[in-house]
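Comments concern the structure below.
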Amino acid sequence: MSTTNLDGLNDAQREAVLYLDGPCLVLAGAGSGKTSVITRKIAYLINTCGYEAKGVVALTFTNKAAREMAERIKTLIDRKLMKGLIISTFHSLGVRFLREEAAHAGLKPQFSILDANDTYGIVQEMLATTDKGRIRMVQQKISLWKNDLVSPDMAERLAQTPDEVDAALVYRSYDATLKAYQSVDFDDLVRLPAQLMMQNAEVRERWQKRVKYLLVDEYQDTNVCQYEWVKQLTGFRNMFTAVGDDDQAIYAWRGATIENLAKLTKDYKSLKLIKLEQNYRSVETVLNAANQVISKNPNLFGKKLWSNLGRGEPIQVISMDNEEAEAESVGMRISASRFERNAQWKDYAVLYRGNHQARIIEQTFRQLRIPYTISGGQSFFDKAEVRDVLSYLRLIANEEDDPAFIRAVTTPRRGVGQATLTALGEHAVEKKCSLFDAVFEEGLEDKIANRQLEPMRVFAKFIQTIQWRASKGKADPVQAVQPAPADVLLDDILKYMNYEHYLYETQEERTAENRWLNVLELVDWLKRKAQEDGLNLMQLVQHIALITMLERSEEDEEPDAVKLTTIHASKGLEYPYVHMVGVEEGLLPHMGKDDEYGDANKDAEALDVRIQEERRLMYVGITRAQFHLTLTWCKKRRRAREDLIREPSRFIGEMGLDSGKQQLQDPYQGMSPKERLVKLKEMLQKKTGTTEA
DNA sequence: TGTCCGAGCATTCAG
DNA sequence: TGCTCGGACA
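Be aware that the first sequence starts at 1, since it is given in my numbering, and climbs by one per residue.
Below is the structure:
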């Protein structure tokens, strides 16, 4: 295992792995084997070049990507040599960084991490409104500013519209509030490390010394902040490999900026550019269409994918009467195709632009008895029940975490309502302390009636007791409590919450049961984690933000089912047979309610930029297909109570298909569902008669 | 004042 | 489907 195996890599891939003379940008087209390049390069660094694992850092955007990368590396490197290797998301590394450097950021190491729900509440309070749109707009604006490394001061100067002026004002006090809560939001997990490294020489040197080689995946998705952090981390050494594809940049709306790719060539004069243009995924018909579409975009580097997987079948474009017919047709086609090709359900994917499009497809698939799985949905840690339990843990670790206090003290209900919390808040301001501490501050009796005060004090005492019992085995002489390991404490917390009872009392039995199961799963997982890594409760809580529910994937076996997913969520995945639905003007490219093409003159450029991103989205969708692609669009689509007349997406025209051949009508057009089924059965029977191997 | 129910309506997403 | 908003009711 002392040398790295480079077998099976093409010339460009090999060059990318071996290049170590300085900064390196790998432009990796769809399906060109970029993960192989990253993992092999890591193996090469450690196995052959004598890098210590702890000096190598690979950054991704999702936990899933990080996990997959780690899996692959296990097969390439001796376990013993892997110790200390960091493969993580930007945010996870940010957490680790901030825990270590907390003092420099003015935080205690047990700071809390607030998610979008918590910050929504904070913004809501500051705006003193219930206008959801406005709150979200401000929240988003602040997030984008943070991602762009724009300070509140700068934001105030930059703000143009009245909305922005508002947002800038909120931004300032929002940040102050987070500080007071000893909390950070998700954006801070990257922003604060970047800023800290820019401003603090000691911190900068420490981390630059530590990171000997850096690899960044999906570089086109980085924002200003991430760019800067990467730059800081690589420092004078400039030893890094960035892998990305400008044609697959589809996250501008959340702050990512493709300019980062161009900026790289400017900032690093010696940047080595390597293009991976051989595609190992798709047949030529698919690839040609993708190339044609994306060629309508201005391009930075000029790359063209090719493959030697053969010509492949023509792409099909099918027009439908409406979305019911579309869903049915897709279902029937998949059924028939699966039979004809002797394929499996999981070889098929249905891609769409917006989540709501999945509904009709789900419905239809259930009728047709087609098994499916649907991607996306709420993440485990966003579920209300999970957040409820975690709010207790957060509060135990960091009693300054006011949002956690509010959530915990009001869940389950214990007679503490809005009025009480307001009074408590005033008291906290007066005494300049957290809500939690305010509960014990003198004078509260004058503000809050005993009936509310008492349960609140009982609650706060309970939290303290757990804190005492959790802190490194110190028995508290006054409270006479015994220290206890995390699993015991977790049980005690759940018991105190009486959460199961609360669930069944407040919700439908079925949902209560589901939610309780989620809680049990969470607690199980936490206990196991504590056991395996020998953590006490305090340490465990601090790790929560870093966690990925790794072990959950025991049932990893993916079921044999058709995959229903948005195009966004499909990035990075591949399927033998792909159906894209709703390929219509207005949907793909997507147009909001108020922006019609008509008076686009004023902001023609902005519109163009948006169309370009939609075009890349189309490109991503097309390139998911390995062997066959079917596009459908509806002549009419029901919106509210009216039928809208629709037109095929401009992107269909841009694919350069020889029309006529591929412009199919729905063969089942005008038939009732029953008739369609009969027709399908006929077709299947005919096939059975003449099936070949 | 709070909450319950039916109607209407959808960008895209992870940490 | 699932969420939110508006109107009705205790």
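All residues carry an ideal CB built from backbone N, CA and C; glycine is no exception.
Using the Cβ count rule (16 or more neighbours within 10 Å means buried), how would you classify P403?
The residue given as residue 403 occupies position 403 in the first sequence. Buried, because 16 or more other Cβ atoms sit within 10 Å of the Cβ of P403.
If you draw a straight line from the alpha carbon of V562 to that of R96, how long is it in whole angstroms?
On the first sequence, position 562 is the one that residue 562 refers to. On the first sequence, position 96 is the one that residue 96 refers to. C-alpha separation (whole angstroms): 38 Å.
Anyone know if the C-beta pair for D188 and S143 falls short of 8 Å?
Position 188 of the first sequence, counted from the start, is the residue given in the question as residue 188. Position 143 of the first sequence, counted from the start, is the residue given in the question as residue 143. Cβ distance not < 8 Å, so D188 and S143 don't count as in contact.
Return the bridge partner residues of Y392 from the DSSP annotation.
As a working mapping, residue 392 is identified with position 392 in the first sequence. DSSP output for Y392 lists no bridge partner at all.
Over the uninterrupted beta strand (DSSP E) stretch that includes R624, give me the two end residues.
To locate residue 624, count along the first sequence from 1; it is residue 624. Unbroken run through R624: none, as it is neither H nor E.
Under DSSP, the beta strand (DSSP E) around C24 begins and ends at which residues?
Taking the first residue of the first sequence as position 1, residue 24 is located at position 24. Per DSSP, C24 belongs to the beta strand (DSSP E) from 24-28.
For V57, name the three-state secondary structure that DSSP assigns.
In the first sequence, the residue the question calls residue 57 occupies position 57. V57 falls in the strand class under three-state DSSP.
When DSSP labels each residue in this structure, what does A569 get in the three-state scheme?
As a first step, residue 569 must be located in the first sequence, where it is residue number 569. Here A569 sits in helix by DSSP.
Report, in whole angstroms, the separation of the C-beta atoms of V330 and V581, which I expect to be a contact under 8 Å.
Taking the first residue of the first sequence as position 1, residue 330 is located at position 330. Taking the first residue of the first sequence as position 1, residue 581 is located at position 581. Confirmed, about 6 Å.
Go ahead and pull the three-state DSSP assignment for E584.
By one-based count along the first sequence, residue 584 stands at place 584. Strand at E584.
Assuming A66 is part of the beta strand (DSSP E), what are its boundary residues?
Start at 1 with the first residue of the first sequence, and residue 66 comes out as number 66. That residue, A66, is in no beta strand (DSSP E); its alpha helix (DSSP H) goes 63-74.
What runs of the beta strand (DSSP E), each 3 residues or longer, lie entirely inside the segment 226-277?
With a minimum length of 3 residues, the continuous beta strand (DSSP E) runs that stay inside the segment 226-277 are 240-244, 272-276.
Just reading off the beta strand (DSSP E) that T373 is part of, what are its end residues?
Within the first sequence, numbered from 1, the residue matching residue 373 stands at position 373. First-last of the beta strand (DSSP E) with T373: 372-374.
Apart from the five residues just before and just after N200, which ones in its own chain have a Cβ nearer than 7 Å to its Cβ?
Here the question's residue 200 lines up with position 200 in the first sequence. Same-chain partners within the cutoff: H104.
Please report the distance separating the alpha-carbon of P193 from that of D166.
For the purposes of this step, residue 193 is identified with residue 193 of the first sequence, where counting begins at 1. For the purposes of this step, residue 166 is identified with residue 166 of the first sequence, where counting begins at 1. About 27 Å.
Suppose contacts are defined by Cβ-Cβ distances below 8 Å. Is L215 in contact with I42 by that definition?
Here residue 215 refers to the residue found at position 215 of the first sequence. Here residue 42 refers to the residue found at position 42 of the first sequence. For L215 and I42, yes; Cβs fall inside 8 Å.
Below 6 Å CB to CB, which residues in the same chain sit around K571 once its five sequence neighbours on both sides are set aside?
As a first step, residue 571 must be located in the first sequence, where it is residue number 571. Within the same chain, K571 has close Cβ partners V620.
Figure out for me which residue from L588, K636, E647, R638 has the closest Cα to the Cα of I250.
Within the first sequence, the letter at position 250 stands for residue 250. I250 has its Cα closest to that of L588, out of L588, K636, E647, R638.
Grouping DSSP H, G and I as helix and E and B as strand, with all else coil, what is K529?
Position 529 of the first sequence, counting from 1, holds the residue named residue 529. Correct three-state label for K529: helix.
Tell me which residues share the same chain as E52 and place their Cβ nearer than 8 Å to its Cβ, disregarding the 5 neighbours each side in the sequence.
By one-based count along the first sequence, residue 52 stands at place 52. Around E52: I46, G84, K212.
Starting from K636 and walking both ways along the beta strand (DSSP E), at which residues does that stretch end?
Residue mapping note: residue 636 aligns to position 636 of the first sequence, counting from 1. 636-639 is the extent of the beta strand (DSSP E) around K636.
Three Cβ pairs or more, each shorter than 8 Å: is that satisfied between the segment 353-363 and the segment 446-465?
The segment 353-363 is not in contact with the segment 446-465.
Does DSSP classify A327 as helix, strand or coil?
What you label residue 327 is simply residue 327 of the first sequence in a count that begins at 1. Note: A327 maps to helix in three-state DSSP.
Which one or two residues does DSSP pair with H700 in a beta bridge?
Not covered by the structure: residue 700. The range shown for the chain is 1 to 693.
Check whether the segment 16-30 touches the segment 257-277, taking contact to mean three or more Cβ pairs, one atom from each stretch, closer than 8 Å.
Flag = yes, the segment 16-30 and the segment 257-277 touch.
Can you list, in chain order, the residues of its chain whose CB lies under 8 Å from that of M137, leaving out five sequence neighbours each side?
Here residue 137 corresponds to residue number 137 of the first sequence, with the count starting at 1. Contacts found: D163, A167.
Quick one: residues in its chain with C-beta nearer than 6 Å to the C-beta of T234, no 5 flanking neighbours on either side, listed in chain order?
Residue 234 sits at position 234 when you count from the first residue of the first sequence. Excluding sequence neighbours, T234 sits near L214, F240.
Unbroken alpha helix (DSSP H) runs of length 4 or more, entirely within the segment 454-511: which are they?
Those alpha helix (DSSP H) runs which fall completely within the segment 454-511 and span 4+ residues are 486-497, 499-506.
Residues bridged to Y348 by DSSP?
Counted from its first residue, the first sequence places residue 348 at position 348. According to DSSP, which records beta bridges pairwise, Y348 is partnered with Y577.
Would you call V150 buried or exposed, if buried means 16 or more other Cβ atoms sit within 10 Å of its Cβ?
Counted from its first residue, the first sequence places residue 150 at position 150. When all chains shown are included, V150 counts as buried.
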